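Novice:
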Amino acid sequence: MGPRRTFTKDLFQRYLVEFIVAHDQPVNIVEVPEFRRVLLLCKPDLKDDDIPHRTKTTTLIMENFERHMEGLKVQLKGSAGEISFTTDVWDTKGRRSYMGVTAHWISADIVMQSAVIGFARVYGRHQGTNLAVVLTGVVDRAGIMGNVGKFTMDSASNNATMLSAFEDKLVVKVPDTSFEAVNGNVHCLGHSLNRCSQMFVKKIGALPPDDGRDGDDVEDGDDDGGDPDGPPDDPLSVGIIPKVRRIVRSIRSSPLRRDAWDQTIRTGNTSGVFLPHLREVQLILDVRTRWNSTYDMINPLSDIVRQAYRQFRVRSDEFAAMYPELTESQENDLAAVASLLEVPMKVSLALARDDLPLLADVIPMFETFQSEWEAVLTMDDMSRFHGAIEAALAVATKYYTIMDETDSYVLCMFVHPKYRLDHIKEYWDDFYIQKAQRLIKKKMKVYAAKFGLYSSPGPSSQAPATGKRPIPQGLKGMREISEALQRTAKKNMQPASKSSGIPTTVEEEYSIWAAHGAEPEHGDALAYWRNKTVQTTFPVLFRIAMDYLPIQSTSVPSERAFSSSAETDTPRRNRMGPKLMEATQVSKYLVKRDRLSFTSHMDVSPVE
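Using full-length UniProt numbering, you'd call the opening residue of the sequence shown number 1 and step up by one each time.
1) Exposed or buried, H191, counting other C-beta atoms within 10 Å across all chains shown (16 or more means buried)?
2) Run through the DSSP bridge pairs and tell me what V148 is partnered with.
3) Could you name the residues that DSSP lists as bridge partners for W105?
4) Following the continuous beta strand (DSSP E) through N185, name the residue where it begins and the one where it ends.
5) Can you give the Cα-Cα distance for T8 and P344, rounded to whole angstroms?
6) Would DSSP call M493 helix, strand or coil?
7) Smallest Cα separation from K579: which of Y98, H386, K43, K77?
8) Could you work out which residue in V395, D381, F542, H386 is closest to V415 when comparing CA atoms only?
9) Using 9 angstroms as the threshold, is the C-beta distance between A115 and A103 below it?
10) For F200, which three-state DSSP category applies?
11) With DSSP as the reference, please indicate the residues paired to D88 in a beta bridge.
12) Going by Cα to Cα distance, which pick from H23, D407, F35, V395 is closest to N183?
13) Would you report the Cα separation of S271 and D317, rounded to the nearest angstrom?
14) Which residues bound the alpha helix (DSSP H) around Q13?
15) Smallest Cα separation from T58: which of I298, E18, F451?
16) Taking only runs of the alpha helix (DSSP H) that begin and end inside the segment 292-344, which ones reach a length of at least 4 residues, in chain order?
17) Could you check where the alpha helix (DSSP H) with S157 kicks off and where it finishes?
18) At the level of alpha carbons, what is the spacing between Y589 and P503?
19) What do you reckon, are the CB atoms on L549 and I106 nearer than 9 angstroms?
20) Span of the alpha helix (DSSP H) holding G387?
21) With a threshold of 16 other CB atoms inside 10 Å of the CB of K532, please say whether the residue is buried or exposed.
22) Taking contact to mean 3 or more Cβ pairs, one atom from each stretch, closer than 8 angstroms, check whether the segment 261-271 and the segment 237-246 are in contact.
23) Between the segment 439-452 and the segment 375-385, can you find at least three pairs of beta-carbon atoms closer than 8 angstroms?
24) From V171 to P52, what does the alpha carbon distance come to, in whole angstroms?
25) Leaving aside the five residues before and after V591 along the sequence, list all residues of the same chain whose C-beta is less than 7 angstroms from its C-beta, in chain order.
26) Is A338 buried or exposed, if buried means 16 or more other CB atoms sit within 10 Å of its CB?
27) Following the continuous alpha helix (DSSP H) through V182, name the residue where it begins and the one where it ends.
28) Kindly indicate if chain C contains any beta-carbon less than 9 angstroms away from that of R54.
29) For the candidate residues G71, E82, K435, H516, whose alpha-carbon lies nearest to that of R420?
30) CA-CA distance, P539 and D296?
31) So the candidates are R36, M153, T505; which of them puts its Cα closest to the Cα of G452?
32) State yes or no: is the C-beta of F369 within less than 9 angstroms of the C-beta of L193?
33) May I have the straight-line CA-CA distance separating residue 630 from A392, to the nearest angstrom?
34) Starting from the C-beta of Y399, find all residues in its chain whose C-beta is less than 6 angstroms away, skip the five residues before and the five after it, and write them out in chain order.
35) Would you give the residue range spanned by the alpha helix (DSSP H) that residue 619 belongs to?
36) Under 8 angstroms, with one C-beta from each stretch per pair, do the segment 270-284 and the segment 326-336 reach the 3-pair mark?
Below, the structure written as structure tokens:
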């Protein structure tokens, strides 16, 4: 809470406004007699006239927003490198569209910073050119058109069009900008994994509904939400996942059946039937737009169906008649599908370990995901899933190829001491290793010339090789994600001193850095680069790191803003205009920024 402040009217009004915006209070809370009475009680000499009414409070919110934006501009101006972004578009319950934009940068003291810089109303169609106008307005208002880095977004085609149109507008305002739409477009890893998972689920004939509802208000019936055409060959036993979906929907749709499910678990735990004890949670119904939701639905069932579900069925004759008994082959199918979907889920969970997951881990994680699914193709007992896995891996290959359209992934890995060049050398073919090396050296020469380092002659004119790196057919010495996470957890150690001297050319800086080899103990790249000796020894790479390390691996930050804005978009505040909506959302995040986790909602635990 900080030190106690001396009361002033201005400070009182500021704190009142911050309370309202940070906790999604309706503006007219200041008109509630009981609330005003509490405030008057806290300070006996406070007068009723000192407490603002609704109109004045709205004015104060807007003024507070302007002050926050001015302070934010100062912070952004002091960035140690380029500013990267995440962005997405969201519809309110009243079907009004807003674009959320978050900024991510490294401060002068080498600390990662983030903020919501815009929550702008989108009028008209969601065409890329229209969205570019909104995006340009948000970035320009923040005063950072001359320091634009990369954008992390989902893979929708209108986003690519938006960045292309944004580049055209940026060139007019900042003619010497280095921003390029294709190179500046980083595809959200979470969306890419979700597309792969959804293709797999579709091919096994179990695609969930896409209506955004949790199913509680859906009548029981046979609409399983799957692909109406279905796959050519259903590899599962008698449509087990659609059957599970109907069971879950039915239990969730009735308060009586919900209570019976809870009581089944409590009774089993108390009597010792369930060992170890089962968590007292409700079943989850999957929806296509929710990451990992099909896994969330079937994973608890695959573990407890032989116990809790059977106990639940025999609680009454009605339940026994209503709910089918699952066969052994169906239970085995559930377990198999859960184990396959657990692979992309583990990658999502690994990202969720960090409040702001960075880009350096994306390629190693994505390759791990691909390799584990590729390994299943060699298992005869999983042959019924091979067709679905091949279709999903084709989607993965598409996104893996897209990664080659930007220099961000290679550079983020190279400037991260946890990777440097070792991952690329170990898992890529020689042609693609050399391509990555040329890309890095070329970029280093560009930066040396830009910042006047080493009296650089400028970037090489040699064109990089064309083509795409191959999809690895199983990583050598396959590492589990959990092991990688344990290595990443070791932070804030002093960098090893392996240098044979201070480099005097770009080539020497590259060679000395690469020769160090990967240092897995340095999971915190910023703590490593905070060391002044490292900065002076590797000045070019330090500049690259300040530009590239803030790039986000997912668009979760902007989606987290939408999730929070839904708490504001309620019937109690349905008269809020777009300017006030933006003011409350931007101010909310600036007030709560120090204690905000953008990925806390990605917890895969089945919480009711």
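Just so you know, even glycine gets a beta-carbon here, dropped at the ideal spot from N, CA and C.
Just so it is clear, the structure is predicted and the values come from calculations on it, not from any experiment.
Specialist: Inspection of the coordinates gives the following:
1) Position 191 of the sequence shown, counted from the start, is the residue given in the question as residue 191. Buried, by the Cβ-count rule.
2) On the sequence shown, residue 148 is found 148 positions in, with the first residue counted as 1. According to DSSP, V148 bridges with I83.
3) Taking the first residue of the sequence shown as position 1, residue 105 is located at position 105. In the DSSP assignment, W105 is bridged to Q113.
4) Mapped onto the sequence shown, residue 185 falls at position 185. Segment 185-187, the beta strand (DSSP E) holding N185.
5) The sequence position of residue 8 within the sequence shown is 8, counting from 1. The sequence position of residue 344 within the sequence shown is 344, counting from 1. Between the C-alpha atoms of T8 and P344 there is a straight-line separation of about 53 angstroms.
6) As a working note, residue 493 is residue 493 in the sequence shown. With a pLDDT of only 40 at M493, under the threshold of 50, the placement of this residue in the model should not be trusted, and no figure is reported.
7) Within the sequence shown, the letter at position 579 stands for residue 579. Y98 is the residue among Y98, H386, K43, K77 whose C-alpha sits nearest the C-alpha of K579.
8) Counted from its first residue, the sequence shown places residue 415 at position 415. Closest by alpha carbon: F542.
9) The residue labelled residue 115 in the question sits at position 115 within the sequence shown. The residue labelled residue 103 in the question sits at position 103 within the sequence shown. Yes, they are a contact pair.
10) The sequence position of residue 200 within the sequence shown is 200, counting from 1. The answer is helix: DSSP assigns F200 an H, G or I state.
11) Taking the first residue of the sequence shown as position 1, residue 88 is located at position 88. Paired residue(s): G100.
12) Start at 1 with the first residue of the sequence shown, and residue 183 comes out as number 183. Answer by Cα proximity: D407.
13) Position 271 of the sequence shown, counted from the start, is the residue given in the question as residue 271. Position 317 of the sequence shown, counted from the start, is the residue given in the question as residue 317. The C-alpha of D317 is placed about 22 angstroms away from the C-alpha of S271.
14) In the sequence shown, residue 13 corresponds to position 13, counting from 1. For Q13, the enclosing alpha helix (DSSP H) starts and ends at 9-22.
15) To locate residue 58, count along the sequence shown from 1; it is residue 58. Distances from the CA of T58 to each of I298, E18, F451 were compared; the closest alpha carbon is that of E18.
16) Every alpha helix (DSSP H) of 4 residues or more that sits fully in the segment 292-344 is shown, in chain order, as 293-304, 310-313, 317-322.
17) Stepping through the sequence shown from its first residue, residue 157 is reached at position 157. Here the alpha helix (DSSP H) through S157 covers 157-173.
18) Position 589 of the sequence shown, counted from the start, is the residue given in the question as residue 589. Position 503 of the sequence shown, counted from the start, is the residue given in the question as residue 503. Roughly 43 angstroms separates the two Cα atoms.
19) Here residue 549 refers to the residue found at position 549 of the sequence shown. Here residue 106 refers to the residue found at position 106 of the sequence shown. Against a cut-off of 9 angstroms, the Cβ pair of I106 and L549 comes out as a contact.
20) As a working mapping, residue 387 is identified with position 387 in the sequence shown. Unbroken alpha helix (DSSP H) run through G387: 386-402.
21) Working through the sequence shown from its first residue, we reach residue 532 at position 532. In this structure K532 is exposed. Its beta-carbon is surrounded by fewer than 16 other beta-carbon atoms within 10 angstroms.
22) Counting C-beta pairs with one atom in each stretch, the segment 261-271 and the segment 237-246 have fewer than three that are closer than 8 angstroms, which means they do not touch.
23) Between the segment 375-385 and the segment 439-452 there are fewer than three C-beta pairs closer than 8 angstroms, too few to call the two in contact.
24) In the sequence shown, counting from the first residue as 1, residue 171 sits at position 171. In the sequence shown, counting from the first residue as 1, residue 52 sits at position 52. Annotation: V171 to P52 spans about 45 angstroms, alpha carbon to alpha carbon.
25) As a first step, residue 591 must be located in the sequence shown, where it is residue number 591. Once the five neighbours on either side are set aside, the close Cβ partners of V591 are E18, V21, A22.
26) For this step, residue 338 is matched to residue 338 along the sequence shown. Per the 10 Å Cβ criterion, buried.
27) Within the sequence shown, the letter at position 182 stands for residue 182. Looking at the DSSP string, V182 is not in any alpha helix (DSSP H), and its letter there is neither H nor E.
28) Among the chains of the structure shown, chain C does not appear; only one protein chain is present.
29) Locating residue 420 in the sequence shown gives position 420, where the first residue counts as 1. Ranking the options by Cα distance to R420, first place goes to H516.
30) Here residue 539 refers to the residue found at position 539 of the sequence shown. Here residue 296 refers to the residue found at position 296 of the sequence shown. Rounded to the nearest angstrom, the two C-alpha atoms are 46 angstroms apart.
31) As a working mapping, residue 452 is identified with position 452 in the sequence shown. The option with the nearest alpha carbon to G452 is T505.
32) The residue you call residue 369 lines up with position 369 of the sequence shown. The residue you call residue 193 lines up with position 193 of the sequence shown. Here F369 is near L193, since their CB atoms are less than 9 angstroms apart.
33) Summary: the structure shown does not reach residue 630, with the chain confined to residues 1 through 608, and so no result is reported for it.
34) The residue labelled residue 399 in the question sits at position 399 within the sequence shown. The residues are S192.
35) With the chain represented from 1 up to 608, any question about residue 619 goes unanswered, as that position is not in the structure.
36) Fewer than three Cβ pairs drawn from the segment 270-284 and the segment 326-336 lie within less than 8 angstroms of each other, which leaves the two stretches out of contact.
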